[in-house]
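Inspection log for the structure reproduced underneath, given as structure tokens.
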Amino acid sequence: MPGDAEAPVNVPAALRWLGGDRALLRDLARVFVEDAPGRSAALRAAAASRDAAQLERLAHSLKGSAAILRAARLQAACAALESAAQAGGVAPAPALLDGVDQELARVAEFFADPGWTAALEGEAPS
């Protein structure tokens, strides 16, 4: 739930990072939710084809999105996957992908719930 202390996203921190631009944060959240299934599928396809370089690029990109949105657990999961791929290994990818998928789903569910925008109300206007 968006108001939960264990929320997967730190909305106030993300809003500060974006200079208080509420509309931008809403847009980024919408795009994140729309893109989540495709990103997961692309990561899994790269792992299945044993393409460590592509897996590294995809994990790095998702890590960056997670950083902007202040989704710390997703960011950490992506960093672990990126590091494994950087080392040239795709063997640990299935377990690491499960962790990324779990956190990706948590963040997407968070933003899919319209209640998350309540956290924007207490922040300074953009």
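Numbering (our numbering), first residue to last: 314 to 439.
The beta carbon of each residue, even a glycine, is placed where N, CA and C say it ideally should be.
- Of the residues assessed, Val-322 falls on the buried side of the cut-off, its CB having 16 or more other CB atoms within 10 angstroms.
- In this structure, the alpha-carbon of Ala-349 lies about 7 Å from that of Leu-417.
- For Leu-394, the closest of Phe-423, Ala-380, Ala-360, Pro-427 by C-alpha to C-alpha distance is Ala-360.
- Using a C-beta cut-off of 8 Å, the stretch 392 to 411 makes no contact with the stretch 331 to 345, since fewer than three inter-stretch Cβ pairs fall below that distance.
- Restricted to the stretch 329 to 391, the alpha helix (DSSP H) segments that are unbroken, complete and at least 4 residues in length are 335 to 361, 365 to 382, listed in chain order.
- Taking a 10 Å sphere around the C-beta of Arg-383, we find 16 or more other C-beta atoms and assign the residue as buried.
- The stretch 404 to 413 makes no contact with the stretch 424 to 431: fewer than 3 CB pairs, one atom from each, lie closer than 8 Å.
- By the CB criterion at 7 Å, Leu-410 and Leu-371 fall outside the cutoff.
- Under the three-state reduction of DSSP, Ala-320 is assigned to coil, being neither helix nor strand.
- In this chain, the alpha helix (DSSP H) harbouring Gly-412 covers 406 to 425.
- Annotation: the continuous alpha helix (DSSP H) that includes Ala-431 extends over 431 to 434.
- When the beta-carbon positions are compared, Arg-343 and Leu-375 stay at least 7 Å from each other.
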